[in-house]
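Heads up, the thing below is written out as structure tokens.
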Amino acid sequence: MNLINFVLQGNDMSNELNLSNDPYIIVSSDSHAGLQCEEYRPYLESSVHEEFDEYVAERHEHRRLTKGNKRRIRCRMGREKC
């Protein structure tokens, strides 16, 4: 049973959780935390550097072309009222 279902079912968590002062790690899946795209290059295999560089160039060009049109794009995607 996962933790969310455990809590939602009203179970007493006092025996299930580690309430000590031991350090713990929180893993977040927020995709906004991380390096700038270009900064990942040194971590890649050298065999994919050329393809990665092409991707980065295309990404920059796309961002340049869409700059100022973000509202229109969000509208078309249904993320913003038109």
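Residue numbers for the sequence shown follow my numbering, beginning at 18 and rising by one.
The beta-carbon is built from N, C-alpha and C at its ideal position, and this holds for glycine as well.
Here the structure is a predicted model, which means the values were calculated and not measured.
Item, Value
"So cysteine 17 packs on valine 73, CB below 8 Å; how close in whole Å?", "What the structure shows of the chain is the stretch from 18 to 99, and residue 17 is not part of that stretch, so it cannot be assessed."
"Just the Cα atoms here: how many angstroms apart are arginine 96 and leucine 52?", "26 Å"
"What is the DSSP secondary structure of aspartate 39, reduced to helix, strand or coil?", "coil"
"Look at the alpha carbon of aspartate 70 and the alpha carbon of asparagine 38, and state the distance between them as a whole number of angstroms.", "45 Å"
"Hey, histidine 66 and arginine 58 are a contact pair by Cβ (cut 8 Å); roughly how many whole angstroms apart?", "6 Å"
"Taking the C-alpha atoms as reference points, what is the distance between leucine 82 and arginine 89?", "13 Å"
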